[in-house]
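Asks: The structure is given below, and queries will be raised subsequently.
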Amino acid sequence: MEDYQARIEKQEAKIKTELEKWMRLTEENAPLIERVQQSEVEDYLATALRLVKGPGQEEKMQASSD
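When we follow the numbering used here, the leftmost residue of the sequence shown carries the number 2, and every step to the right adds one.
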């Protein structure tokens, strides 16, 4: 249980860092593509798809972005 809590806290810290990075880029009026490239948004989306739909969805997402 403690390991699970530590993983959640680590993910929360990563998300907070990404949000701060995204907000900084927004304040700098960076283009959307630059914001996505400099953040881990795509990684989070792929992980979310994998967790919700299964591992095959991640490959589909990568193929569609190529």
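Note that the Cβ used here is the ideal one computed from N, Cα and C, for glycine as well.
#1: With DSSP as the reference, label Ala7 as helix, strand or coil.
#2: So Gln39 and Lys22 are supposed to be a Cβ contact under 8 Å. How far apart are they, rounded?
#3: How big is the Cα-Cα spacing for Glu41 and Met24?
#4: Leu20 to Leu52, Cα distance in whole Å?
#5: How many angstroms separate the CA atom of Glu13 from the CA atom of Ala31?
Replies: Reading from the atomic positions:
#1: helix
#2: 7 Å
#3: 13 Å
#4: 21 Å
#5: 25 Å
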